[in-house]
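Novice: Can you keep this structure in mind? I'll have questions shortly.
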Amino acid sequence: MAVNIKKLPKKPYVMPGHAACPGCPESMGFKYLGMALGDKAVVVIPAGCSSVIQGLWPRQGFGLPILNIVFAAAASTASGLARALKRRGVDAQVVVWAGDGGTADIGFQALSAAAERGEDIIYICVDNEAYMNTGIQRSGLTPYGAWTTTTHTGKRQFKKPLPQIVAAHRVPYVATTSVGYPWDFIAKLKKAASIRGFKYIHLHAPCPVGWRFDPSLTAKIAQLAVETGAWILYEYENGKLRLNPPSNRLIDPEKRKPVEEYLKLQGRFRHLKPEDVEMIKKEIETNWEEITRALKIQGDL
Amino acid sequence: MAVSESEESRKRGVVAVVEPAGHKLPLSMAGPGAMGKTGYWRTQRPVVNTEKCTGCYLCWLYCPDNVIEMVPGKGPRGQDIPVIDYDYCKGCGVCAAVCPVKAIDMVDESKFLAKEKEEGDGNA
Amino acid sequence: MGMPKLLAMRGNEAVAYAAKYARVEVVAAYPITPQTIIVEKIDELISKGEMDAEMIHVESEHSALAATYGAAIGGVRAFTATSSHGLMYMYEVLWWTAGSRIPVVMAVVTRAMGPPWNIHVSHEDILATRDTGWLVSMAENNQEAFDLTLQMFRITEDPRVYLPGIVGLDGFILSHTVEPVELPDQETVDEFLPPRRQPYVMEPGEPKAMGNLVPDEYFEELRMDMQQSMENAVKVIREVGKEYAKYFGRDYSDLVECYKCSDADYIVAGTGSWMGDAKIAADKLREKGYRVGVMRLRWIRPFPWSDVREAAMSKRAVIVMDRSLSTGHAGPLFLELSSALEAKPSMIGVPAGIGGVDISYEDIERFTEKAIQLVEEHGRVYIPAMWYHLGKIFPTYPSSHVKLD
Ligand code: SF4
Ligand code: SF4
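Residue numbers (the numbering used here), protein chains in the order written: chain A, 12 to 312; chain B, -3 to 120; chain C, 122 to 526.
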């Protein structure tokens, strides 16, 4: 599904004057969500940056119906809402828009259960790799080595491989995306909307405040994550794995930019020692090995 | 329906909450300025060089605050060009960073403030 | 029109039938003893085609109420049930549901909070919901559990109220005990219970947000509105209770049930199934020459303030049976009643029967008689917690009784 940028809807799905920090990847991502799904979407948002981005009553900064909900309850609330709208015969697409903490940590139980039940919802994890809204605390999705206000010398554990964990629930659709590649995200959202059952989309969302980079670089850093192979764009459709551009050209490590280019722009990695960088490289290699192995088993490599 | 819009507020793009059965409800309506005129946050102002601009829409696509409107055919070569709403633009510079032909310059906001003061219009 | 039929059933089944008659469309629940039969029964009714609803088999109570709420805010009648730890696990969602002003009905089968594990009756779970903005009622028997559940849909969906509601029934004593229950016919229920109303629906269309940040002043106004709605609920409960009598022959217009209160000097007050035993105890005490009446709170929220005052303000003493204790002070009902009655009568709080310790009418007779003797000996007294345990009185905190006059 190719996306023609100029033909994307002009309707504002993010309202000027919302409360996000300058250069926010979440408001960027939400725009694409609206462009992809249009007015059929109803969005459930657990506690996180996007609860605050909406701004102050009596206005709200998103151009779609938003149901805010407590931190751990996004997937379960969306399940009930989707069932009700279906029973009423309402043509709707219920979407969860949750952060990495709301997905991989506190919301994980409800997410896993909704996936297992096969609820007809699209669950989007907007992954800015820490609890940014409360002031940059580490989450299960903070990568190795990253500074946060609760990992002052850098996190010593690896990022949870959440897309694979959700894919292991054998749901019909799982995809990784990035705010650096809106056309890819939009195309995947449209595809997800055409599939019945539980769909999971993981959106990599570099945060200027928490990652310590200049706000102008949000999209660039998101692209660098992909170009260096630190973030991989792929999708599982009915269990079948496919790499998406540009990641499909990056199986060969030679084709990837050096990860240092990605790391050096971010203050959260400033303290890294050479051995830390080696660990990060090893993690990236492991991720690629897993992908390559899966593609080989499928006979696609 | 629980929430309705007055004709006037619809025109302004700001929609108010009315209370069904007299209740106050925790409901808000989509509209610009949920956090006020966020243009005040800006320290750098994106300025579009319409001569350079090719009308590719990338700045429009990436702007996290949705303050860029592409005006069809208004460029010097008949191309679509971006027009930025400075009431709300936060000056993040994403637009400038993604522009493939460097048609957007980030200019220190103090320059404009000084100019506005000269013109006696300090409350932009 | 069909005829009502009398069937023998457990309290949990009565509640499940009420959900069916109310034409509930979505049920989300998680197993916990002693609530589980409700969900099993509903699942059975659905799979037999007797009930047209969807069951969401969630992985926790937190998700149970969240999914129920999600369905309700999406515009359908929704129901859940829980007990004890399950109720505590969903506690934050209780607040969220009430604050959203979305009608939802939940059954709470009362049970003790651990540790240690104890599946028996206690009111510490249900009484912990007092501050959440839910309507809270307690049944005395299985018929009332059915009747209150049916009424709760109509009350919570009344535009003057728009708050969720809990129907409490005592674990095992009602939940697992078979009693005769009269089931109505569907047509009559459909006449009694109008189609669902709610203040707004979450659906595609208007880009509204539920629950984004508000200025503190508006937050306070939202709470003021909820308090006003609770006051409205008193009126609505009376109206609906009276109408229920018209349709089904049983009158629920009183928020407080008074048994031989008018000529009583002493009132035994409390809530739930053991108040039936309290009535027997009152009769026994009357045989001994003490004029005792029983005041049973059918509703905890809205608190039936004026009814309580009318029934008990001028009495010599009120003995409050509490199957729960706010540890460090007194039983929650004692605290509520003391405040409503301004401690004008002597007030004696009796925490008892906690964690399912069996309390017979003889026990009630014994501690009530003891309380009456204290009053007769000392004049006006105020005793927050006079614990009754295995036939003995244990004055606890404050360690000695407080003499007022
Ligand atoms: S500076 Fe940021 S907010 Fe302003 S127009 Fe550019 S991208 Fe949008
Ligand atoms: S990104 Fe640059 S070239 Fe493209 S429309 Fe914007 S200003 Fe013009």
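Each residue gets a CB set at the ideal place from its N, CA and C atoms; glycine is no exception. These numbers come from a predicted model, not from an experiment.
Counting only beta-carbon separations shorter than 8 Å, does A/Pro69 have a partner in chain B?
Specialist: A/Pro69 counts as touching chain B.
Novice: Assign C/Val322 to one of two classes, buried (16 or more other C-beta atoms within 10 Å of its C-beta) or exposed (fewer than that).
Specialist: With 16 or more Cβ atoms within 10 Å of its Cβ, C/Val322 is classed as buried.
Novice: Which runs of the beta strand (DSSP E), 3 residues or longer, sit entirely within the segment 72 to 109 of chain A?
Specialist: You should have 77 to 80.
Novice: Pick from C/Pro516, C/Tyr151 and C/Val147: whose alpha carbon is nearest that of C/Phe200?
Specialist: It is C/Val147.
Novice: By DSSP, does B/Asp101 sit in helix, in strand, or in coil?
Specialist: In this structure, B/Asp101 counts as strand in the three-state DSSP scheme.
Novice: Nearest to C/Gln272 by alpha carbon, out of C/Thr231, C/Phe340 and C/Lys367?
Specialist: Answer by Cα proximity: C/Lys367.
Novice: Just grab the DSSP bridge partners of C/Ile287 for me.
Specialist: Note: C/Ile287 sits in a beta bridge opposite C/Met227 and C/Val257.
Novice: Report the rounded CA-to-CA distance for C/Gly220 versus A/Gly72, giving the unit in angstroms.
Specialist: Cα to Cα, the separation comes out at about 21 Å.
Novice: Would you say B/Ala92 faces chain C, with C-beta separation under 8 Å as the test?
Specialist: No - not a single Cβ of chain C is within 8 Å of the one on B/Ala92.
Novice: Going by beta-carbon coordinates alone, are A/Ala86 and A/Tyr43 separated by less than 8 Å?
Specialist: Taking 8 Å as the Cβ cut-off, A/Ala86 and A/Tyr43 do not qualify as a contacting pair.
Novice: Are there any heavy atoms of ligand 1 lying less than 7 Å away from the beta-carbon of B/Ile80, as far as the coordinates show?
Specialist: B/Ile80: yes, Cβ under 7 Å from ligand 1.
Novice: Can you tell me which of C/His499, C/Tyr138 and C/Val335 puts its alpha carbon nearest to the alpha carbon of C/Val310?
Specialist: For the residues C/His499, C/Tyr138 and C/Val335, the minimum Cα distance to C/Val310 belongs to C/Tyr138.
Novice: Would the C-beta of C/Asp173 count as close to ligand 1, meaning under 7 Å from any of its heavy atoms?
Specialist: Outside the cutoff, so no.
Novice: Tell me whether C/Leu314 is buried or exposed, calling it buried when 16 or more other Cβ atoms sit within 10 Å of its Cβ.
Specialist: C/Leu314 comes out buried.
Novice: Can you give the beta carbon distance from A/Thr229 to A/Ile212, rounded, assuming they're within the 8 Å contact cut?
Specialist: With a Cβ gap of about 19 Å, A/Thr229 and A/Ile212 do not count as contacting.
Novice: Assign A/Trp242 to buried or exposed, taking buried as 16 or more other Cβ atoms, counted over all protein chains shown, within 10 Å of its Cβ.
Specialist: By the 10 Å Cβ count, A/Trp242 comes out buried.
Novice: Cβ closer than 9 Å: which chain B residues qualify as neighbours of A/Thr188?
Specialist: Near A/Thr188 there are no residues of chain B at all, since even the closest Cβ is about 15 Å away, more than 9 Å.
Novice: Below 7 Å on C-beta distance, what does B/Lys20 contact in chain C?
Specialist: Per Cβ cutoff of 7 Å: Glu342, Leu343 and Asp346.
Novice: Any beta carbon of chain A sitting closer than 8 Å to that of C/Ile194?
Specialist: Yes, because at least one Cβ of chain A sits closer than 8 Å to the Cβ of C/Ile194.
Novice: Taking a contact to mean a Cβ-Cβ separation below 8 Å, would you say A/Val270 touches A/Thr239 in this structure?
Specialist: A contact, by the Cβ cut-off of 8 Å.
Novice: Going by C-alpha to C-alpha distance, which of C/Asp246, C/Tyr387 and C/Phe515 sits closest to C/Ala433?
Specialist: The candidate whose alpha carbon is nearest that of C/Ala433 is C/Tyr387.
Novice: Following a CB-centred definition, is A/Tyr192 positioned closer than 7 Å to any heavy atom of ligand 2?
Specialist: No, since every heavy atom of ligand 2 falls outside the 7 Å radius drawn around the Cβ of A/Tyr192.
Novice: Using a Cβ-Cβ cut-off of 6 Å (strictly less than) and excluding sequence neighbours within five positions of A/Val105, which residues of its own chain qualify?
Specialist: Taken in chain order, the residues that qualify are Val53, Ala89, Leu92, Ala93 and Ile132.
Novice: Compare the C-alpha of C/Leu406 against each of C/Leu290, C/Arg487 and C/Glu498 and name the closest.
Specialist: Minimum Cα distance to C/Leu406 is reached at C/Arg487.
Novice: Using a cut-off of 7 Å between C-beta atoms, extract the partners of B/Thr34 located in chain A.
Specialist: Simply Gly28.
Novice: My understanding is that C/Ile469 touches C/Ile440, with C-beta atoms under 8 Å, so please give their C-beta distance in whole angstroms.
Specialist: At roughly 5 Å, the Cβ-Cβ gap stays under 8 Å, so C/Ile469 and C/Ile440 are in contact.
Novice: Could you tell me which residues DSSP puts in a beta bridge with A/Leu214?
Specialist: Answer by DSSP bridge pairing, in chain order: A/Val137 and A/Thr188.
Novice: With 9 Å as the C-beta to C-beta threshold (strictly closer), list the residues of the segment 45 to 71 of chain B near chain A in chain order.
Specialist: So the close ones are Gly51, Cys52, Tyr53, Leu54, Trp56, Leu57, Tyr58, Cys59, Pro60, Asp61, Asn62, Val63, Glu65 and Met66.
Novice: Among A/Glu127, A/Ala121 and A/Asp225, which residue has its Cα nearest to the Cα of A/Gly208?
Specialist: Closest by alpha carbon: A/Glu127.
Novice: Among C/Glu175, C/Ala129 and C/Lys126, which residue has its Cα nearest to the Cα of C/Ala150?
Specialist: Considering only alpha carbons, the answer is C/Glu175.
Novice: Name, please, each residue of chain A whose Cβ falls closer than 7 Å to the Cβ of C/Thr189.
Specialist: Simply Gly91.
Novice: List the DSSP bridge partners of B/Glu112.
Specialist: Bridge partners of B/Glu112: none, in fact.
Novice: Looking at chain B, which residues of the segment 321 to 335 of chain C have a Cβ within less than 8 Å of any of its Cβ atoms?
Specialist: Residues Tyr321, Val322, Glu327, Pro328, Lys329, Ala330, Met331, Gly332, Asn333 and Val335.
Novice: With a threshold of 16 other CB atoms inside 10 Å of the CB of C/Ala193, please say whether the residue is buried or exposed.
Specialist: Buried, by the Cβ-count rule.
Novice: Please state the DSSP three-state secondary structure of B/Asp76.
Specialist: If DSSP states are grouped into helix, strand and coil, B/Asp76 belongs with coil.
Novice: What does the alpha-carbon distance come out to for the pair C/Ala258 and A/Ile77?
Specialist: It should be pointed out that residue 258 of chain C corresponds to Ser in this sequence rather than to Ala. Near 32 Å, if we compare the C-alpha coordinates of A/Ile77 and C/Ser258.
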